[in-house]
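The next block holds one structure in the form of structure tokens; read it before the comments.
Residue numbers (this note's numbering): 217 to 809.
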């Protein structure tokens, strides 16, 4: 035996077999003796192990620091077929005091789409369909306006279909789902990328029609079983209750996806095929290996599955359930998935055999954490100077007297809370807002959300329907009633509203209006924040955040300079009259208290 620095034992016979094979097939090694080659091989392997251990230690140190900034979840990193890091942080279930670990079972959200894409590829391998087939070949009563949609259009989000047609928790069967969809118009986006969960729900129906099995049964038999995945699915896996992860927003408990969406009554088509599958990081690593090793798909099918199928934007394409991106001189394939409680990121570098998975159960965006792990694995990550962070962390004050706190997180970002109007305008704005336009959007938003104080959903829906496309007042009313009803169950009744202001985006093309609704239950108040994205007279998107998520992050560019791309605002750490201070933009200077 030979003992390496890592403590692992190697059989000399194993090394020699490898060396003899290399020696006999590689003429460049003719002049090297067998002992020399053997020693070089051992040293190289030892160095690789030590390097992997060093990177794993750095990743562990990074996540330990990230937990101080609120990270709760699980991460896995694998290289050259081996898991080099897998660990959970925080509680998977606060009420039961159950910790996160590598066996924790959670919803992977839209990462489900890669299973649907693979299922279609598998069925094409089996000769049961073609991606060029019209969807009308597999789905009944397709209206004339949708007759031109192919499976390829569905796979690439280019069918012109809406993003969704109902809530994830609504139980709906295939017939009712299709009836509702067919009443919708076909969007102008047909032929170009426009993300649609609906398209992947239809693909789940195609899988069922072409295979003669339920969607989940087909995945289990054709994908999961060959890959060795036993903890992945909707209802078929035998999960242990103590491994189930609960989703949270702030202090509010939401629950587990399979229970909230009542999978035991039948997995709704609002999720089937496009989201909601539950898994573990270890199973997801098995899935990655199955893709890389062509365990479930042939080489030709895998090549098509991961090919750049449609342009999303420069440097980024959608494949069949994956996104391929040119990233800093290297190609990465990735996808995210979540429901604002469970949020996940999975990515890999095909040419480096490197896979990264990060999942959170508190509504946090996992991408910044995955990006830092990526930097660590490529030797690019440099932690911020601890003395600098310590010097500038603290309380500051706006000219009006409004106080706020600045701190620096594990991702080398300067972080400021933006939960009050003046902070919202100062750190989320551009300083170039058209005051008339901003006031107009403030007034529109205030008028629209005020009826929610009395749970007058019809009045709210009537107003919103004036500003949105492809949604009737009745549809909006039903959706808001369900969403707001869930909020009131956990947080109580709404007590007050406050519009924080409207800030410009993309040179004033869009405006983002922030608002706050305060709920109260059993003497406890909870704030929820709602964001309305305006494009002229059109309302193009609505988003929500908890109190904990009301922060603005500025990325460290170099040294004492930080920058936010969304509003092109720069902050520089300076010294003013011998005290730490911030220069915000080109003029405002704020001293630490």
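Note that CB positions come from ideal geometry on N, CA and C, so glycine has one too.
Among 722, 488 and 550, which residue has its Cα nearest to the Cα of residue 477?
With distances taken between Cα atoms, residue 477 lies closest to 488.
For residue 810 and residue 497, which I take to be in contact (beta-carbon distance under 8 Å), what is that distance rounded to the nearest angstrom?
The chain is shown from 217 up to 809; residue 810 falls before or after that span and cannot be answered.
With DSSP run on the structure shown, which of helix, strand or coil describes residue 352?
Helix at residue 352.
Could you say which of 610, 800, 757 and 793 lies nearest to residue 778 if we only look at CA atoms?
The residue with the shortest Cα to Cα distance from residue 778 is 800.
Is there contact here, the region 693-702 with the region 602-616, by at least three beta-carbon pairs under 8 Å?
Contact between the region 693-702 and the region 602-616 is absent: fewer than three C-beta pairs spanning the two stretches fall below 8 Å.
From the DSSP secondary-structure annotation, give me the bridge partner or partners of residue 529.
DSSP, once it has assigned bridges, lists 532 as partnering residue 529.
Check whether the region 303-319 and the region 455-468 touch, using three or more Cβ-Cβ pairs below 8 Å as the test.
Taking 8 Å as the limit for Cβ pairs, the verdict is that the region 455-468 does touch the region 303-319.
Residue span of the beta strand (DSSP E) that contains residue 751, given as start and end:
Counting along the chain, the beta strand (DSSP E) containing residue 751 begins and ends at 740-751.
For residue 436, which residues in the same chain have their Cβ closer than 7 Å to its Cβ, ignoring the five residues on either side in sequence?
Closer than 7 Å at the Cβ level, and outside the excluded window around residue 436, lie 449 and 452.
What is the DSSP secondary structure of residue 226, counted as helix, strand or coil?
With a pLDDT of 35 at residue 226, under the threshold of 50, the modelled position of that residue is not reliable, and no figure is offered here.
Compute the Euclidean distance between the alpha carbons of residue 505 and residue 297, then round it to the nearest angstrom.
A direct Cα-Cα distance of roughly 7 Å separates residue 505 from residue 297.
Return yes when the Cβ of residue 415 is within less than 8 Å of the Cβ of residue 368, no when it is not.
At a Cβ-Cβ threshold of 8 Å, residue 368 and residue 415 do not count as neighbours.
Helix, strand or coil for residue 551? Go by DSSP, reduced to three states.
The answer is strand: DSSP assigns residue 551 an E or B state.
Tell me the rounded alpha-carbon separation between residue 166 and residue 660.
The structure shown does not extend to residue 166, since the chain is modelled only from 217 to 809, so the question has no answer here.
What residue does the beta strand (DSSP E) around residue 761 start on, and which one ends it?
Start and end: 754-762.
Alpha-carbon to alpha-carbon, residue 704 and residue 737:
Spanning the alpha carbons of residue 737 and residue 704 requires a straight line of approximately 9 Å.
Where does residue 812 land, buried or exposed, given buried means 16+ other C-beta within 10 angstroms?
This structure does not reach residue 812, given that the chain is present from 217 up to 809, and the question cannot be answered.
Delimiting residues of the beta strand (DSSP E) encompassing residue 656
No beta strand (DSSP E) contains residue 656, which is instead part of the alpha helix (DSSP H) from 651-665.
Quick check on DSSP: helix, strand or coil for residue 362?
DSSP places residue 362 within a helical segment (H, G or I) once states are collapsed to three.
Considering only C-alpha positions, which residue in the set 409, 287, 646 and 434 is nearest to residue 420?
Checking every option, the nearest Cα to that of residue 420 belongs to 434.
What's the C-alpha gap between residue 531 and residue 543?
Approximately 8 Å, taken between the alpha carbons.
Are the region 757-774 and the region 628-646 touching, with three or more C-beta to C-beta distances below 8 Å?
Touching, per the Cβ criterion.
Which runs of the beta strand (DSSP E), 3 residues or longer, sit entirely within the region 688-733?
Counting only runs of 3 or more, we get 709-721.
By how many angstroms is the C-alpha of residue 614 removed from the C-alpha of residue 797?
About 12 Å.
Cross-strand partners of residue 580 (DSSP beta bridge)
Looking at the DSSP output, residue 580 bridges to nothing.
If we call anything under 8 Å between Cβ atoms a contact, is residue 455 one with residue 557?
Cβ atoms of residue 455 and residue 557: not closer than 8 Å.
Same chain, Cβ closer than 6 Å to residue 422, five either side skipped, listed in chain order:
Result list for residue 422: 354, in chain order.
For the region 567-577 against the region 276-293, do three or more pairs of beta-carbon atoms, one drawn from each stretch, fall closer than 8 Å, so that the two count as touching?
The answer is yes - the region 276-293 touches the region 567-577, with three or more Cβ pairs under 8 Å.
Three-state secondary structure (DSSP) at residue 557?
The answer is coil: DSSP assigns residue 557 none of H, G, I, E or B.
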